[in-house]
Amino acid sequence: MRFIHTADIHLGAAPDKGSPWSGKREQEIRESFYRLLDLANDEGIELLLIAGDLFHRPPLKRELKELNYRFESMFQTRVVMMPGNHDFLGPASNYNGFEWADNVTFFGKESMQRKHFPKWDLWVYGLGYCHREIKKPLYDHVRPGDEPGTHILLAHGGDEKHIPIDFKQLCTAGFDYAALGHIHKPQVIVPDRIAYSGSLEPTDRLDVGQRGYILGEIEDTLHPQVSTQFCPFSVREYKNIRIPSDVDMTLGKLEETLKRLIGSEGSQHIYNICLQGFRDPDIRFDEDVLMKLGNIASVKDETLPWFDFDQLYADNRDNLIGRFIGKVREMPMDDKRRQQILTVGIQALYSQEDR
Numbered sequence: 093m094r095f096i097h098t099a100d101i102h103l104g105a106a107p108d109k110g111s112p113w114s115g116k117r118e119q120e121i122r123e124s125f126y127r128l129l130d131l132a133n134d135e136g137i138e139l140l141l142i143a144g145d146l147f148h149r150p151p152l153k154r155e156l157k158e159l160n161y162r163f164e165s166m167f168q169t170r171v172v173m174m175p176g177n178h179d180f181l182g183p184a185s186n187y188n189g190f191e192w193a194d195n196v197t198f199f200g201k202e203s204m205q206r207k208h209f210p211k212w213d214l215w216v217y218g219l220g221y222c223h224r225e226i227k228k229p230l231y232d233h234v235r236p237g238d239e240p241g242t243h244i245l246l247a248h249g250g251d252e253k254h255i256p257i258d259f260k261q262l263c264t265a266g267f268d269y270a271a272l273g274h275i276h277k278p279q280v281i282v283p284d285r286i287a288y289s290g291s292l293e294p295t296d297r298l299d300v301g302q303r304g305y306i307l308g309e310i311e312d313t314l315h316p317q318v319s320t321q322f323c324p325f326s327v328r329e330y331k332n333i334r335i336p337s338d339v340d341m342t343l344g345k346l347e348e349t350l351k352r353l354i355g356s357e358g359s360q361h362i363y364n365i366c367l368q369g370f371r372d373p374d375i376r377f378d379e380d381v382l383m384k385l386g387n388i389a390s391v392k393d394e395t396l397p398w399f400d401f402d403q404l405y406a407d408n409r410d411n412l413i414g415r416f417i418g419k420v421r422e423m424p425m426d427d428k429r430r431q432q433i434l435t436v437g438i439q440a441l442y443s444q445e446d447r
């Protein structure tokens, strides 16, 4: 049998608020999840595991009804899901008392539950967040039952405020697969046995790299042999671009360079730009201009003005600039650190003279 492991969908999230693409991203996140449901239905996937944070915040009742309709339309797929720390099941949550379709299993208690699927000799274990934070390591002592078949753990957490996980204990717990959520970056803890699927779509400019889901296959559910693969699926990615600069770099040249890089990497993606190296002291890189060249989430200018310190020292030996250069050159440090101190210091001295 085949299964899809996904997590951290964050329906309702609108990343990068204030940016031109923010509203569109909210729609894309929703459509990407629906696209995954269509794929599961079309491909005859037997099991869909959603490891928490399906919603970015506690869901509205109408959102649950829409979602339930989508699940109910998946005739061949069984859905197992849990609330995470973002859509936790509090006293006023619309999750309370909601009647899910027959093919949906919802783990809505903060104690371990399990669901048996006799058709596949399959047991799925899980619990739900009833608080925004859970600091107890609730998974550390969980063990599967001794019934023959495949035993899968559905879990959300992994940091100190959201169910810390001891992966050494989890490795020896005896589960055939642990489908993890909460960490947005896809991570394989133990190949084919323990993994974070990562978020289906990136939701923050720090979510750099591919996002998608994990496709799993169990060859013999009674004597399980589990194999998994990560499948990229997101409409967009956040990408980091580092642009080296030298004394010949101008704002116009930088614009051309950035346009070319965005064109080659993909104009649909969202970029964090970092400028590094040196520049002519008279040149300034206007970040507002660069932000308009595409889907730019951030621009960080780490360039330093380039100075010919030998010539500066020769021309200013008897004044403050020369004395500063001479003093720094006497200090015990590596050349890179000395260059940084000289650059920042000279830039500050020139700024004082300008005033």
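In short: position in the sequence shown from 1, add 92, done, that's this note's numbering.
Each residue gets a CB set at the ideal place from its N, CA and C atoms; glycine is no exception.
Taking 8 Å as the threshold, find out whether the segment 352-370 comes into contact with the segment 329-339 through three or more Cβ pairs.
-> The segment 352-370 is in contact with the segment 329-339.
Looking only at C-alpha atoms, which of 430, 134, 426 and 251 sits nearest to residue 227?
-> Checked all of 430, 134, 426 and 251; the closest Cα to residue 227 is 251.
In chain order, what residues of the same chain have a beta carbon less than 6 Å from the beta carbon of residue 426, not counting five sequence neighbours either side?
-> Here the set comprises nothing.
When the distance is taken between beta carbons, is residue 107 closer than 8 Å to residue 117?
-> Yes, they are a contact pair.
Simplified DSSP assignment, three categories, for residue 221 | When secondary structure is reduced to three states using DSSP, residue 221 falls in the coil class, being assigned neither helix nor strand.
Tell me whether residue 328 is buried or exposed, calling it buried when 16 or more other Cβ atoms sit within 10 Å of its Cβ.
-> Counting Cβ neighbours within 10 Å, residue 328 comes out buried, since at least 16 surround it.
Report yes or no: do the segment 391-398 and the segment 370-377 share at least 3 C-beta pairs separated by less than 8 Å?
-> The segment 391-398 is in contact with the segment 370-377.
8 Å CB neighbourhood of residue 383 in its chain, flanking five on each side removed | Taken in chain order, the residues that qualify are 391.
Under the DSSP definition of a beta bridge, which residues are partnered with residue 39?
-> Since the first residue shown for the chain is 93 and the last is 447, residue 39 is missing from the structure and cannot be characterised.
Is residue 423 helix, strand or coil when you go by DSSP?
-> Reduced to three states, the DSSP call for residue 423 is coil.
Figure out for me which residue from 262, 266, 218 and 344 has the closest Cα to the Cα of residue 240.
-> The residue with the shortest Cα to Cα distance from residue 240 is 266.
Say the cut is 7 Å; is the CB of residue 111 nearer than that to a heavy atom of the ligand ADP?
-> Looking at this structure, you won't find the ligand ADP or any other ligand, since it has none at all.
Distance CB(residue 142)-CB(residue 169) smaller than 8 Å | No, Cβ-Cβ distance for residue 142 and residue 169 is not below 8 Å.
What runs of the alpha helix (DSSP H), each 4 residues or longer, lie entirely inside the segment 222-310?
-> You should have 259-264.
To the nearest angstrom, how far is it from the Cα of residue 409 to the Cα of residue 343?
-> Looking at the two C-alpha atoms, the distance is approximately 33 Å.
Could you pull out every residue in the same chain whose Cβ sits closer than 7 Å to the Cβ of residue 393, ignoring the five residues on either side in sequence?
-> Cβ within range, chain order: 367, 377 and 379.
Pick from 130, 299 and 138: whose alpha carbon is nearest that of residue 162?
-> Comparing Cα-Cα distances from residue 162 to each of 130, 299 and 138, the minimum goes to 130.
Looking at residue 304 and residue 274, is the spacing between their C-beta atoms short of 8 Å?
-> In this structure, residue 304 does not lie closer than 8 Å to residue 274 by Cβ.
Have a look at 256, 258, 216 and 229 and flag the residue whose alpha-carbon is nearest the alpha-carbon of residue 244.
-> Here the closest residue by C-alpha is 216.
Return the CA-CA distance between residue 311 and residue 120, expressed in angstroms with no decimal places.
-> If you take the alpha carbons of residue 311 and residue 120, they lie about 34 Å apart.
Take residue 111 and list the residues in its own chain whose beta-carbon comes closer than 8 Å to its own, dropping the five residues that flank it on each side.
-> Exclusion of the five residues before and after residue 111 leaves 387 and 389 as the residues of its chain whose Cβ lies within less than 8 Å of its Cβ.
Buried or exposed: which applies to residue 350, given that a residue is buried once 16 or more other Cβ atoms fall within 10 Å of its Cβ?
-> Within a 10 Å sphere around the beta-carbon of residue 350 sit 16 or more other beta-carbons, which makes this residue buried.
Beta-carbon contacts of residue 157 that lie in its chain and below 7 Å, excluding the five residues immediately before and after = Nothing listed; no residue qualifies.
Give me the Cα-Cα distance between residue 323 and residue 262, rounded to the nearest whole angstrom.
-> In this model, residue 323 and residue 262 are separated by some 24 Å (Cα to Cα).
Express the C-alpha separation of residue 299 and residue 401 in angstroms, rounding to a whole number.
-> C-alpha separation (whole angstroms): 41 Å.
Enumerate in chain order the residues of its own chain whose CB-to-CB distance from residue 306 is below 8 Å, with the five nearest sequence positions on each side excluded.
-> Within the same chain, 96, 97, 98, 271, 278, 287, 289, 320, 321, 322 and 323 come within 8 Å of residue 306 by CB-CB distance, once the 5 residues on both sides are set aside.
Beta-carbon gap between residue 221 and residue 283 smaller than 8 Å = Going by beta carbons, residue 221 and residue 283 fall outside the 8 Å limit.
Rounded to a whole number of angstroms, what is the C-alpha to C-alpha distance between residue 357 and residue 205?
-> Approximately 45 Å between the Cα atoms of the pair.
Span of the alpha helix (DSSP H) around residue 136 = Per DSSP, residue 136 is not a residue of any alpha helix (DSSP H), being assigned neither H nor E.
Do you know offhand how far residue 416's Cα is from residue 337's?
-> A straight-line Cα-Cα distance of about 26 Å links residue 416 and residue 337.
Inter-residue spacing [alpha-carbon to alpha-carbon] between residue 102 and residue 177 = Cα to Cα, the separation comes out at about 11 Å.
Note down, in chain order, each residue of its chain lying with its Cβ closer than 6 Å to the Cβ of residue 190, except the 5 sequence neighbours on either side.
-> Listed in chain order, the non-local C-beta contacts of residue 190 below 6 Å within the same chain comprise 156, local neighbours out to five positions each way being set aside.
Can you tell me the Cα-Cα spacing of residue 315 and residue 184, whole angstroms?
-> Computed Cα separation, rounded: 43 Å.
Looking only at DSSP bridge pairs, what is residue 147 linked to?
-> Paired residue(s): 103.
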